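Numbering (my numbering), first residue to last: 29 to 211. Backbone N, C-alpha and C fix where the C-beta goes; we use that ideal spot for every residue, glycine too. Note that the structure is a prediction, hence the values are computed from the model and not measured.
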Ligand code: HEM
Ligand code: HEM
């Protein structure tokens with residue numbers, strides 16, 4: 029069995045990476061939610077936030093692996109359907125890729141400008157490279173959490189509803205070929 033995509037199906041690597049991203053996104057969201065439950069200055073609050081950073085950085089690094097894999101081979105052609113649906117779907121996918129780059133970048137930049145220590149699961153420490161600027165850090169944090177996050181949620185929601193629509197209403201293979209394709 030080939031690991032690569034073909035013009036009719038997503039290969040196992042693309043499928044694994046796709047669902048890994050869903051897991052990492054849920055992890056990043058859960059960690060930042062949990063940190064809210066602890067008062068400022070407590071070790072638990074810091075640890076949940078470090079977990080948020082680690083999930084977010086993993087998304088940023090793996091995104092380049094995912095894009096590299098996608099751009100270096102075939103991708104399945106869209107299943108037959110109206111042209112507007114194919115264009116909307118391509119636009120939503122492009123927007124998802126873009127936001128998955130900008131979201132961790134704004135997060136990382138805000139921690140740099142805030143002078144906040146960041147480590148990837150305690151294994152790799154991100155060096156402080158920028159001069160601290162608390163005002164700018166706050167603005168970026170707001171952009172990250174209050175603008176980009178709702179945008180990402182809306183895109184993922186639209187994307188998931190479209191996939192379920194294909195599966196349950198149109199009854200085509202769109203979702204199946206991203207999960208367990210027919211032999
Ligand atoms: C795709 C990846 C990421 C997603 C989906 C994400 C999502 C979020 C969400 C949902 C919040 C909470 C917003 C709110 O409640 O207002 C948040 C806050 C934050 N994120 Fe991220 N994030 C990501 C990556 C990162 C990275 C890589 C960093 C830094 C290394 C980071 C740093 C922050 C900071 C500093 C906050 C503010 C937390 C606070 O209240 O102190 N994020 N992020
Ligand atoms: C919530 C459940 C989700 C479902 C049911 C789902 C379903 C699917 C399906 C069926 C495809 C294949 C579309 C096609 O062949 O034309 C796909 C592709 C894609 N999905 Fe999802 N997805 C989900 C979550 C996510 C999340 C969380 C992200 C990222 C934030 C994401 C990003 C993408 C991208 C970028 C593509 C296009 C792949 C490419 O062309 O390289 N998906 N998704």
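(message) At the level of alpha carbons, what is the spacing between residue 201 and residue 123?
(response) About 23 angstroms.
(request) Give me the Cβ distance between residue 35 and residue 105, rounded to the nearest whole Å; I'm assuming they're in contact under 8 angstroms. (result) 6 angstroms
(request) Using a threshold of 8 angstroms, state whether the C-beta atoms of residue 134 and residue 80 are closer than that. (result) no
(request) Keeping to the same chain, check which residues put their C-beta closer than 6 angstroms to that of residue 190; ignore five residues upstream and five downstream. (result) none
(request) Return yes when at least one heavy atom of ligand 2 lies under 7 angstroms from the C-beta of residue 126, else no. (result) no
(request) State yes or no: is the C-beta of residue 115 nearer than 7 angstroms to some heavy atom of ligand 1? (result) no
(request) For the stretch 78 to 117, list the beta strand (DSSP E) runs that are entirely contained and at least 3 residues long, ordered along the chain. (result) none
(request) Please determine, among 196, 46, 38, the residue with the shortest C-alpha to C-alpha distance to residue 212. (result) Within the shown structure, residues of the chain are numbered from 29 to 211, placing residue 212 beyond reach of any answer.
(message) Is the beta carbon of residue 91 closer than 8 angstroms to that of residue 129?
(response) Going by C-beta atoms, residue 129 is nearer than 8 angstroms to residue 91.
(request) Go ahead and label residue 198 buried or exposed: buried means 16 or more other beta carbons lie within 10 angstroms of its beta carbon, across all protein chains shown. (result) exposed
(request) Please find out if some non-hydrogen atom of ligand 1 comes closer than 7 angstroms to the beta-carbon of residue 139. (result) yes
(request) Express the C-alpha separation of residue 51 and residue 164 in angstroms, rounding to a whole number. (result) Distance between the alpha carbons of residue 164 and residue 51 is about 30 angstroms.
(request) Just tell me which of 87, 169, 59 has its CA closest to the CA of residue 141. (result) 169
(message) Which residues does DSSP list as the beta-bridge partners of residue 153?
(response) Answer by DSSP bridge pairing, in chain order: 147.
(request) Can you have a look at residue 138 and say buried or exposed, based on whether 16 or more other CB atoms are within 10 angstroms of its CB? (result) It counts as buried.
(request) Put residue 139 into one of helix, strand or coil per three-state DSSP. (result) helix
(request) Please go through the same chain and pick out, in chain order, the residues whose beta-carbon is closer than 7 angstroms to the beta-carbon of residue 83, but skip the five residues on each side of it. (result) 52, 55, 56, 59
(request) Out of 120, 195, 76, 102, point me to the one whose CA is closest to residue 62's CA. (result) It is 76 whose Cα lies nearest to the Cα of residue 62.
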